[in-house]
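First to last, the protein sequences are chains A and B.
Just so we're aligned, residue 121 is where the first sequence starts under the working numbering, counting upward by one.
Just so we're aligned, residue 358 is where the second sequence starts under the working numbering, counting upward by one.
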Amino acid sequence: MLSYILKRLLLLVLTLWIVLTVTFLLTNVVPGNVAVMILGTRSNPETLAALEQRLGLNDPLPVQYVRWLGKTVSGRWGDSLRFDQPIGALVRQKLVTSSVLVVMALIIAVVASIPLGVIAARRQNRWQDTATSGVALVGISLPDFFWGILFILVFSRWLRWLPSSGSVDPGQDLVQSLRHALLPALALGVGLMAHLTRMTRSAMLETLSKDYVRVSRAKGLAERKVTYKHALRNAVGPVLTVAGLQLGYLFGGVIVVESLFNYTGLGWLTYQALLNRDVPLIQASVLVIAAIFMLSNLIVDLLYRALDPRIEYG
Amino acid sequence: MKRRTFIKRGLLASGSVLVLGDLEGTRVLAQDASGTPKQGGTLTWGHSETTQNLDIHQTGTASTLRLLQNVHEPLLTIDDHFHVQPNLAASWERSQDWLTYTFHLRNDVVFHNGKKLTAADVKYSFERIKDPKTSAVSFDVFEDVAAIDAVDDHTVRVTMSKVYSPFEARITYLNCAIIPQGSGDTQGKQPIGAGAFEFVQREFGNFTRLKRFDNYFRGPAYLDEIVEREVTEATVRLTGVQTGQMTLINDIPLDRIAQVEKSPNLQVKTWHPLSWAFLNFNHKVPPFDDPDVRKAFDLMIDKQALVQGALWGQGVPTPTPSFPNSPYRNNDLEVRKQDLNQAKALLQKAGVRPASLSIKFKVTTNYPWHVQAAQIMQAWFQQAGVNVSLEQLTWSDWLSQVWKDKNFSLTMVNFFTLWEPDFLYYNIWHTGGSFNFRNISDATLDGYLDQARQSTSEDQRVTLYREAQQRIFDQAHDVILWYRNGSLAAVPALRGIDTIVQPNGSNLAFWRTWLAT
């Protein structure tokens, strides 16, 4: 077990290095640089050259690469070139903001999808099943920004229950932080909820047809107990695994929703860094997103074994 | 069907409203006129753009200046007619030879750090802007400054090496604001000025919080706090003010202004110009090195229809970029009317077969209305037989390819706040101008502009700048397209909406606004 974890961690470091090197090369190959963005249409050749020199953009690429690698490994990420803010603090702050959104989206998706999937399975081929499957199909088919616009219209514009934009640091005001995260979390969670509902339904259908379920029923156990105590417990494992794996995807996929709701989290920051050719900030954001993705994969793999002792690690 | 007719019919058919009414004005709710200003409350401002580096000397973006207008004060300022007025300096004198300026500072100005304004602060600020290491956007203002001396605690003398007649006007720009001595290194993250509001906190990309500065030299503001929320998505911003989540927003989406103006629950202010836009030719790329070809392109454009189609009527065509109320504006100029036959004749005169032209029009997606304008103009160019393809670029790519590398044939861009004629015409149209990305080199025009910046006669400067505008128009160095309107929408409780927009058309100040309960 320990050697498996060590192996996976080593692989994680290697993968991160490859991801970052590719990111570094790509961001340096594309035209444009951050100095041009900083000065905008108030620049002239002299101020531009001075700023490029100050930012170290004139150094050869290998020199920039080695300097960047050294800084990254030692954790000295420096300042964002475009925004003149310490990258470490910036990424940390935005990571916390995005975490509220992503975790809330995941909770909404899991809490809603499991009961819906169970109902659909128990009422197979009846109207409840058709309705749930139809809703799930709509949820999967429509993009998250559509749900975002719809939720803003309904909950913010018409009902005026929730703010339509912005984010609040949970450390400063947890309630406001959650209120601001709710609509984007709903928009982000709908697709995942639909996906998990379909998964729960099929896992439940498979489990409910197993012999031990039939035996339980034959022994006279109440249907509720058969469904929730025996069948669901066995069916929910793969569903939770997929949900866990989605955590990484959600962090990488929040860009659209965060931009729509002006929810200034990690996705928003990455988008801004890309637009502004802020290479160190792009690299830091990609590093964090990639690390979250890989770590969540690793944790899910380990938890899977805890849930199902039959699984062996090589 | 003509493209113009098509555009108009298309807009009408889609249920859109073409706004042909008053292009400048305020629709204030009836109760706004009543009541006595009262202190207190927080103004939540839904700002259309993200603010950047907060160092007032370094920041070049209109968005950051819009916010920092509330934090900083320049030595001199301007009135609505662009006449230079005292500000932190209570008075000043200019020597007969225009080589020495002596500024007498007010003695009641206090910075947000509690220190009183002295001549040392002015000397420090001006020297910091002049220092190339600062990368200050207004460094060129001080190029001809030989010395800055603190004569005594409240007197500063600026000595020029040669006459630079726009000096007084140029130092009214907020980029030349006075900051406390020694505060330069921290201004980017913690701006300290002498303005009506002091900086409290900023979460980058999310919000900036300012609070009332009770020792403001003009008297304290009414509002307790300003929370500037950066909401770049226009519809979300509009929803914010409609739901009362925000007190005020700037830049109402262009296609929604007509609808918002009818809303009984919002106040709306529109004005022009917020900015002006122009079509640009690369003068080193044939056939745009020929004035007849450039003029032909000008004649292909119906500017009024362009304003309707791209700006939803939220602007007016203009033949010159000088502000409408500027004394330097050449009011004799008239926008060229669309005339495709004359355009074709000019191309023929220049020896250019329209069908032989294949031109790439680079346009930035940073301004969506520029993309729409480019699409409309593309149709007109094609009607004249010229094959024009569009290339849409991100702002970063546009700045790199067009602004920096000058790698383009045809493009368009806009500018904010350039009301001062030397800053405007010298930088954009002089052969050596910092913003001359079109490779324009016109000795006659250069002569006007060189002479104007060294002229000590106001009448002569007015004449020279009007001549310069005539020359730019006659040579069709660029095609000036429009002034775009600015707009604000506010909840009914906000009073004093008419005091917010500053003479430069872009900056917003909240010193005289207040909230009625």
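No residue lacks a Cβ here, since even glycine has one placed at the ideal position from N, Cα and C.
Against chain B, the CB of M319 (chain A) has no partner CB under 7 Å away; the residue lies outside that interface. Going by beta carbons, L303 (chain A) and L282 (chain A) fall inside the 7 Å limit. Under DSSP, the beta-bridge partners assigned to N607 (chain B) are B:L845. Collapsing the DSSP output to three states places Q396 (chain B) in coil. In terms of beta-carbon proximity, N245 (chain A) stays away from the interface with chain B, with every pair separated by 7 Å or more. The bridge partners DSSP lists for S683 (chain B) come to none. Residue pairing by DSSP places K660 (chain B) opposite no residue, since no beta bridge is assigned to it. Within the stretch 564-594 of chain B, the residues whose Cβ lies closer than 9 Å to some Cβ of chain A are F564, R586, E587, V588, T589, E590, T592, V593 and R594, listed in chain order. From the listed residues A:L365, A:L367, A:A323 and A:I272, the smallest Cα separation to T347 (chain A) is found for A:A323. Cα atoms of N417 (chain A) and Y369 (chain A): separation of roughly 10 Å, rounded to the nearest angstrom. Contact between the stretch 393-408 of chain B and the stretch 580-589 of chain B is established, with three or more Cβ pairs separated by less than 8 Å. Distance between S276 (chain A) and T596 (chain B), taken at the CA atoms: about 8 Å.
Counting C-beta pairs with one atom in each stretch, the stretch 217-235 of chain A and the stretch 359-378 of chain A have three or more that are closer than 8 Å, which means they touch. In the structure shown, Y724 (chain B) adopts coil according to DSSP, grouped into three states. Per the DSSP secondary-structure output, Q749 (chain B) pairs in a beta bridge with B:V720. Counting the other CB atoms within 10 Å of its CB gives K395 (chain B) a total below 16, which places it among the exposed residues. DSSP links G672 (chain B) through a beta bridge to B:R841. Listed as beta-bridge partners of W281 (chain A) by DSSP are no residues whatsoever. R566 (chain B) sits away from A578 (chain B), with the two beta carbons spaced by 7 Å or more. Excluding the 5 residues flanking it on each side, Q808 (chain B) has same chain C-beta neighbours closer than 6 Å at L821, in chain order. Look at P443 (chain B) here: in three-state DSSP terms it is strand. By the criterion of a C-beta distance shorter than 8 Å, L136 (chain A) is surrounded in its chain by L407, A410, A411 and M414, once the five residues flanking it on both sides are discounted.
Residue state for R586 (chain B) is assigned as strand, using DSSP reduced to three classes. The CB of Q403 (chain A) never comes closer than 8 Å to any CB in chain B; the least such distance is about 17 Å.
Looking at the DSSP output, R569 (chain B) shares a beta bridge with B:F554. For R527 (chain B), the number of other beta carbons within 10 angstroms of its own is at least 16, and it is reported as buried. In the three-state reduction of the DSSP assignment, I536 (chain B) falls in the coil class, being assigned neither a helical nor a strand state. The alpha carbon of H404 (chain B) has as its nearest neighbour, out of B:Y724, B:D608, B:H438 and B:L425, the alpha carbon of B:D608. Taken through DSSP and simplified to helix, strand or coil, N417 (chain A) comes out as helix. Straight across, the Cα-Cα distance linking R196 (chain A) with V494 (chain B) is about 30 Å.
W755 (chain B) is positioned such that its CB atom lies no closer than 7 Å to that of F680 (chain B). If you draw a straight line from the Cα of F203 (chain A) to the Cα of I785 (chain B), it comes to about 27 Å. The bridge partners DSSP lists for F271 (chain A) come to none. In this structure M121 (chain A) is exposed. Its beta-carbon is surrounded by fewer than 16 other beta-carbon atoms within 10 angstroms.
Here N842 (chain B) is buried: its Cβ has 16 or more other Cβ atoms, across all protein chains shown, within 10 Å. In chain order, T320, M324, T347 and L352 place their CB closer than 7 Å to the CB of V238 (chain A), counting only its own chain and leaving out the 5 sequence neighbours on each side.
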